[in-house]
Ligand code: SF4
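Residue numbers (my numbering): 42 to 444.
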């Protein structure tokens with residue numbers, strides 16, 4: 042169990058200061074203070090004007106974690122999967138301007154039509170989780186474990202939050218892509234196909250939470266493959282990943298050592314702190330949170346699930362939500378009839394998502410007006426081919442499990 046609790050418990054002493062704890066004190070607290078809109082009126086005016094001028098050629102997609110001063114320009118909002126679906130449906134638009142992070146823009150390029158171009162307003166908008174699994178590492182690990190187990194019987198599955206190269210790797214090796222809402226169905230599909238093991242990239246928490254809480258797989262059959270232990274500076278005590286040969290053979294699920302740098306901030310102490318401060322509050326978290334946080338939550342689910350649950354909740358409901366704070370703050374604004382706060386006593390913000398600024402979006406539009414395509418994201422044809430296979434498998438599995 043110790044490997045599950047990698048992070049120190051962080052408590053914010055401010056929570057316990059005198060006077061803290063009333064709903065009204067908190068209602069204008071940590072979330073609001075971090076979302077000040079800073080865009081100048083001139084930038085807003087020029088962006089709206091250019092958007093109108095280019096409206097038959099562009100579509101602007103905004104991820105739920107984007108700040109409001111980007112969302113105000115978005116034609117469509119959604120999570121990474123929903124936005125890619127919109128991209129594939131809107132094939133009359135030549136340019137898809139993706140206000141999200143790099144892997145999302147790659148996915149949009151994979152599923153969009155050949156004549157469409159996908160643009161990421163700031164190329165530094167990456168995803169730390171996606172960056173934790175590089176294709177060279179994954180290929181090395183695959184070759185290495187092949188010396189101990191039959192990799193034909195291991196199904197590689199990757200979370201949507203991964204590079205096109207990793208998605209292609211999974212497609213080529215019989216695996217699929219998954220999202221936080223269909224991960225269980227994809228794992229089950231792998232076993233139903235006759236695979237004996239699943240290797241899940243890159244989010245260890247989503248993988249563990251799915252395998253244990255949703256599928257009942259015992260923890261001793263869920264093994265963390267710690268790729269950081271494969272560095273030459275470590276003295277290896279086994280095949281690799283910190284595992285012995287016996288562990289490699291016995292495990293049913295291997296988890297890559299990756300995590301979301303936003304959701305890792307939610308700590309096992311937070312649910313009880315919130316329950317003590319706000320009696321009757323319900324804790325709802327995203328499954329990228331760690332195992333112990335998920336254990337203590339009242340509800341667990343994807344971004345869409347969290348939004349739907351709040352949308353359908355009665356007035357007076359109280360929620361402490363463990364996910365990115367721009368989304369929590371938007372829910373709070375949209376539902377003044379409910380009490381909504383972030384689960385952590387500080388804002389958990391996706392810093393890379395935040396790199397997409399109104400100024401960078403305006404710059405893209407001004408360049409397009411001049412005929413210049415800036416920051417286009419292009420996935421190679423070979424990666425596209427196999428990544429599409431992995432994505433199509435996911436869509437088919439999801440369709441079949443819904444009927
Ligand atoms: S919230 Fe986490 S998983 Fe999502 S883009 Fe940011 S770092 Fe990546």
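Idealized CB from N, CA, C, for every residue including glycine. Owing to the predicted nature of the structure, the values given are computational and were not obtained by experimental measurement.
Run of the beta strand (DSSP E) containing residue i, from where it starts to where it stops
i           : result
residue 117 : 117 to 119
residue 197 : 195 to 200
residue 445 : What is shown of the chain runs 42 to 444, which leaves residue 445 out entirely.
residue 325 : 323 to 326
residue 264 : 263 to 266
residue 137 : 136 to 140
residue 174 : From DSSP, residue 174 is part of no beta strand (DSSP E); its letter is neither H nor E.
residue 361 : 359 to 363
Distance between residue j and residue i (C-alpha atoms, nearest Å)
i           : j           : result
residue 284 : residue 266 : 7 angstroms
residue 366 : residue 397 : 16 angstroms
residue 108 : residue 370 : 10 angstroms
residue 391 : residue 225 : 25 angstroms
residue 208 : residue 201 : 8 angstroms
residue 170 : residue 340 : 23 angstroms
residue 453 : residue 419 : Because residue 453 is not part of the residues shown, which for the chain are 42 to 444, the question remains open.
residue 346 : residue 303 : 18 angstroms
residue 258 : residue 232 : 12 angstroms
residue 442 : residue 223 : 9 angstroms
residue 374 : residue 195 : 45 angstroms
residue 428 : residue 357 : 45 angstroms
residue 89  : residue 359 : 36 angstroms
residue 425 : residue 271 : 29 angstroms
residue 322 : residue 379 : 11 angstroms
residue 406 : residue 204 : 26 angstroms
residue 128 : residue 138 : 10 angstroms
residue 103 : residue 117 : 6 angstroms
residue 436 : residue 149 : 15 angstroms
residue 440 : residue 433 : 10 angstroms
Proximity to residue i [Cα-Cα], best of the options
i           : options               : result
residue 497 : 117, 211 and 113      : Residue coverage of the chain in this structure runs from 42 to 444, which leaves residue 497 outside it and unanswerable.
residue 123 : 255, 105, 294 and 287 : 105
residue 157 : 166, 151 and 136      : 136
residue 126 : 146, 386 and 80       : 146
residue 243 : 255, 86 and 198       : 198
residue 317 : 298, 423, 286 and 384 : 384
residue 193 : 181, 237 and 93       : 237
residue 290 : 310, 353, 262 and 182 : 262
residue 81  : 403, 417 and 307      : 403
residue 228 : 144, 182 and 255      : 255
residue 172 : 206, 355, 313 and 305 : 206
Contact check, residue i vs residue j, beta carbons under 8 angstroms
i           : j           : result
residue 6   : residue 230 : What is shown of the chain runs 42 to 444, which leaves residue 6 out entirely.
residue 351 : residue 381 : yes
residue 95  : residue 410 : yes
residue 294 : residue 239 : yes
residue 132 : residue 154 : yes
residue 268 : residue 248 : no
residue 296 : residue 241 : yes
residue 120 : residue 401 : no
residue 221 : residue 343 : yes
residue 188 : residue 328 : no
residue 111 : residue 309 : no
residue 245 : residue 175 : no
residue 417 : residue 159 : yes
residue 315 : residue 361 : yes
residue 85  : residue 394 : no
Near the ligand GDP: residue i beta-carbon under 7 angstroms from a heavy atom
i           : result
residue 437 : The ligand GDP is not part of the structure shown, which contains the ligand SF4 as its ligands.
Where residue i falls: helix, strand or coil (DSSP)
i           : result
residue 240 : strand
residue 382 : strand
residue 186 : helix
residue 410 : helix
residue 34  : It is not possible to answer for residue 34, since the shown part of the chain is limited to 42 through 444.
residue 281 : strand
residue 159 : strand
residue 105 : coil
residue 248 : helix
residue 219 : strand
residue 341 : strand
residue 289 : helix
residue 164 : coil
residue 122 : helix
residue 294 : strand
residue 112 : helix
residue 433 : helix
residue 69  : For residue 69, the predicted model reports a pLDDT of 43, less than 50, meaning its position is unreliable; a value from the coordinates is still stated below. Coil.
Extent of the continuous alpha helix (DSSP H) run through residue i
i           : result
residue 206 : 205 to 213
residue 332 : 332 to 337
residue 92  : 82 to 94
residue 368 : 366 to 375
residue 314 : 311 to 318
residue 145 : 143 to 152
residue 229 : 224 to 233
Contact with chain D by residue i, beta-carbon distance below 8 angstroms
i           : result
residue 305 : Included in the structure is just one protein chain, with no chain D present.
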